[in-house]
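Going by full-length UniProt numbering, the sequence shown opens with residue 1, and the numbers climb by one from there.
Built from N, CA and C at the ideal position, the CB exists for glycine as well.
Beneath this line is the structure, given in structure tokens, with notes to follow.
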Amino acid sequence: MGGYRGFCSVLLVILLVTCISGEDPYRFYTWNVTYGDIYPLGVKQQGILINGQFPGPQIDSVTNDNLIVNVFNSLDEPFLISWNGVQQRRNSWQDGVYGTNCPIPPGHNFTYALQVKDQIGSYFYFPSLAFHKAAGGFGGLKISSRSVIPVPFDPPAGDFTVLAGDWYKKNHTDLKAILDGGSDLPFPDGLLINGRASNGYTFTVDQGRTYRFRISNVGISTSLNFRIQGHKMLLVEVEGTHTLQNTYNSLDIHLGQSYSVLVTADQPGQDYYIVVSTRFTSQVLSATSILHYSNSAGSVSGPPPGGPTTQIDWSLEQARSVRRNLTASGPRPNPQGSYHYGLINTTSTIRLQNSAPVINGKQRYAVNSVSFIPADTPLKLADYFKISGVYSLGSIPSSPSGSGGYLQTSVMGADFRGFAEVVFENPEDTVQSWHIDGHSFFVVGMDGGQWTPASKLTYNLRDTVSRCTVQVYPNSWTAVYMPLDNVGMWNIRSENWARQYLGQQFYLRVYSPANSWRDEYPIPKNALLCGRAMGRRTRPL
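See the structure below:
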């Protein structure tokens, strides 16, 4: 008997050592969120800083890393951070939007525990509550491939994050008050690149070497075009998908989207303009930063290069040219083309149509006529604790109803392991940008006019990219195929922040009846409780 116990003890030690040595790495961050004076457009504003920085600190990670981010809220209002593009596999508890998380109260902290499971690519984080995104609090998030996984290009000499977006001189509280009063936001006052206005930021390169630029549109209202004077850009990655390596002179990047390009410093040794400018706007805003050759013999010369302005067809054709590299590995060693999404039968079709109704005398925005209003309790907590009356499943139809707009805490049900066709329909004359939390979807088609079942004949069922944010052009549609492979409560939203704030969003409840840790992690022990979940217990320590 003693020998048996000894064997069990040794076996237990071996198992523990194996588990510990085989566990994915941890990266720890401590962030203090404060207000601070910033002057990005030359006017003093109240910004939201993370550890005194605007934009916030960069997160550099590797596939499967565990990211432990302890966020202290030193603001005078509740705060949350969400992670644009991080899929939170089996773990919508960490998504950082109000439908899943209680806000961090002023003077308190919350520790996020994320794992970038089976992901690579370029993303960003941002503050999700109120209108905080208009004050800062965002930063870059990079997920590199593991060293054993081949990458379809040589390691670059450097890796730059470019956070570009429109900006207002008004404080976020003033912008929020405009929307709360039922009015539209004015046109933005300018554009920023990494928190700086024109020529306020410099990227230094060595002549003859190649660099990776990870460009995200972190703005709140306008699509952007990105270009570098005298240099070509080789597209290599879009939100976690290695792409066919097409060359572009400029790239349209819509709200919430991220692209990776390789740029070779193959021009004479001087400085060159990096330019972003607004797209599809009657007034064109632009901002520049500097590409500085380390052996530069002169400063920038000539006017910054111009770009497209209101041309929609040009942008549509460029979007269609972005394709998946079928032979490259993704986060795992198997080729990206080994997942034959075009051969899978869809289990449902969800049609989502945006609109801009006036409800109770105020401007609102809606999906299938439903303008989302937050509940008094995060939906995920109501689900877990079985609190009735917080939301109703099916409170948003799965196709346009044609009715007038109305207010509702809208939640749509979906079955785990389904394979959905989602069609975004845009009858308005402005570009839409849609994001789905917790998932990556295949952009199978986009075109002008009204979508019909016959539109499926035009779908790309072989080599489209999968991503998490997609544009829909004016009076047009975009169709995606989405594996419903992640149990949880997931936000589907407009990336135009005024539209999101005023109701153009809802939640998709991907449900598994198994109630198994294999499908979904349990509620975190440190989960914050609020609303009707106050006084409940998470789980025993």
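{"Query": "Between the CA atoms of A328 and S250 - distance to the nearest angstrom", "Result": "24 Å"}
{"Query": "I396, enclosing alpha helix (DSSP H) - first and last residue", "Result": "Run containing I396: none; DSSP gives neither H nor E here."}
{"Query": "Buried or exposed by the 16-neighbour rule on C-beta atoms within 10 Å, applied to D24", "Result": "exposed"}
{"Query": "Supposed close pair F79, H132 - CB separation, criterion 8 Å", "Result": "7 Å"}
{"Query": "Spatial distance of L343 from P150 (CA atoms)", "Result": "26 Å"}
{"Query": "Sub-8 Å separation of A265 and R214 beta-carbons", "Result": "no"}
{"Query": "Rounded separation between T464 and M446 - CA only", "Result": "11 Å"}
{"Query": "Residue burial classification, residue 547 (beta-carbon count within 10 angstroms, cutoff 16)", "Result": "Given that the chain is displayed from residue 1 to residue 541, the structure contains no residue 547 and the question cannot be resolved."}
{"Query": "Counted within 10 angstroms of its Cβ, other Cβ atoms place R324 as buried (16 or more) or exposed", "Result": "buried"}
{"Query": "Selection from S216, P40, I492 and A366 that minimises the alpha carbon distance to P427", "Result": "A366"}
{"Query": "Contiguous beta strand (DSSP E) assignments of at least 3 residues, all confined to the UniProt domain \"Plastocyanin-like\" (376-513)", "Result": "406-408, 410-415, 418-426, 432-436, 441-448, 469-472, 476-484, 488-494 and 505-511"}
{"Query": "Minimum C-alpha distance to R27 - residue among N66, H292, G56 and D383", "Result": "N66"}
{"Query": "G337, DSSP secondary structure in three states", "Result": "helix"}
{"Query": "Cα-Cα separation, G296 to Y39", "Result": "Strictly speaking, residue 296 in this sequence is Ser, with Gly absent from that position. So the two alpha carbons sit approximately 29 Å from each other."}
{"Query": "Beta carbon of V510 nearer than 8 Å to that of N475", "Result": "no"}
{"Query": "Own chain residues within Cβ distance below 6 Å of residue 542, not counting five before or after", "Result": "Outside the modelled stretch of the chain, which goes from 1 to 541, sits residue 542, for which no answer is possible."}
{"Query": "For R90, three-class secondary structure by DSSP", "Result": "coil"}
{"Query": "Buried/exposed call for N526, threshold 16 Cβ in 10 Å", "Result": "exposed"}
{"Query": "Segment contact flag, the stretch 283-298 with the stretch 182-201, C-beta cutoff 8 Å, min 3 pairs", "Result": "yes"}
{"Query": "Residue span of the alpha helix (DSSP H) that contains T309, given as start and end", "Result": "First-last for T309: undefined, no H or E at that position."}
{"Query": "Distance between beta carbons of G85 and G121, contact taken as under 8 Å", "Result": "7 Å"}
{"Query": "Inter-residue Cα distance where the pair is R536 and D383", "Result": "13 Å"}
{"Query": "Cut-off 6 Å between Cβ atoms - residues of its own chain near R532, not counting five sequence neighbours on either side", "Result": "T377 and I387"}
{"Query": "Coarse secondary structure for R532, derived from DSSP in three states", "Result": "helix"}
{"Query": "Residue from L129, N194, M489 and Q363 whose Cα sits closest to the Cα of G438", "Result": "M489"}
{"Query": "Residue from I396, Q94, Q229 and F203 whose Cα sits closest to the Cα of Y272", "Result": "Q229"}
{"Query": "Residues near H292 by beta carbon distance below 6 Å, same chain, minus five either side", "Result": "T202, T204 and D271"}
{"Query": "Per-residue DSSP class, three states only, for L262", "Result": "strand"}
{"Query": "Close beta carbons around D519, own chain, < 8 Å, minus the five adjacent residues each side", "Result": "R90, F416, V487 and S512"}
{"Query": "Contact under 8 Å by Cβ, R332 with D174", "Result": "no"}
{"Query": "Contacts around Q500, its chain only, beta-carbon distance under 7 Å, and the 5 residues preceding and following it disregarded", "Result": "R493 and S494"}
{"Query": "Option nearest Y341 by Cα separation, candidates R196, L179 and F442", "Result": "F442"}
{"Query": "Alpha-carbon spacing of L484 relative to M412, whole angstroms", "Result": "13 Å"}
{"Query": "Distance cut-off 7 Å: I350 Cβ against heavy atoms of the ligand SAM", "Result": "Summarising the ligand content, the structure contains no ligands, and the ligand SAM is consequently not present."}
{"Query": "Proximity of S403 and S369 at Cβ, strictly below 8 Å", "Result": "yes"}
{"Query": "For H231, the three-state DSSP class (helix, strand or coil)", "Result": "coil"}
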